[in-house]
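In the numbering used here, the protein residues as written are 5 to 122.
The C-beta atom is built at its ideal place from N, Cα and C for all residues, glycine as well.
Structure first, then comments.
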Amino acid sequence: MTLNTTGYSRGDVVLVNFLFSDETGSKRRPVLLLSTEAYHTGRQEAIVGAITSNTHRILTGDTMVDQWEAAGLQYPSVVTGILRTIKQEMLASKLRRLAPGDLDVVEAEVGNILGLVS
5 MTLNTTGYSR
15 GDVVLVNFLF
25 SDETGSKRRP
35 VLLLSTEAYH
45 TGRQEAIVGA
55 ITSNTHRILT
65 GDTMVDQWEA
75 AGLQYPSVVT
85 GILRTIKQEM
95 LASKLRRLAP
105 GDLDVVEAEV
115 GNILGLVS
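Printed below as a string of structure tokens:
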């Protein structure tokens, strides 16, 4: 068992260092932290939703962020239905938190794509 060393909470918008596929470097990208503190305490991983500024194509599972500036994002953004499990050590820095209303919509959409709601 590991300790929660992220210092982050569910709903935080965090920059993550994603490695290029050829491992020649990395790029910082924003993600929404979806996993709980209990998950972080018991594991070395975190579950995140990818965030993109490509708002022209909204796919199944994607959610527009209404209060994107308050979340610390530079551009209008979408939390995508692309969920990833990453090592906690990849979490680089916190921007801000997603507004409660935006987080509620993301949580509902995640529940829909995983079949957790009826």
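Point to revise | Straight-line Cα distance separating residue 14 from residue 99 | key: Taking the sequence shown and counting its residues from 1, one reaches residue 99 at position 95. Taking the sequence shown and counting its residues from 1, one reaches residue 14 at position 10. One C-alpha to the other measures close to 13 Å.
Review point. Any idea what DSSP makes of residue 7, helix, strand or coil?
Key: To locate residue 7, count along the sequence shown from 1; it is residue 3. Bear in mind that a pLDDT of 42 at residue 7, under 50, signals an unreliable position, so the number given afterwards is only what the model happens to contain. It is coil, neither helix nor strand.
Point to revise | Touch test, the stretch 62 to 82 against the stretch 92 to 111, Cβ-Cβ under 8 Å, three pairs minimum | key: yes
**Study point:** Nearest residue (CA-CA) to residue 57, options 79, 85, 115, 18
**Key:** Here the question's residue 57 lines up with position 53 in the sequence shown. Cα-wise, what sits closest to residue 57 is 79.
Review point. Going by alpha carbons, who is nearest to residue 45 out of 97, 88, 12, 121?
Key: The count along the sequence shown starts at 1 and reaches residue 45 at position 41. The shortest Cα separation from residue 45 among 97, 88, 12, 121 belongs to 12.
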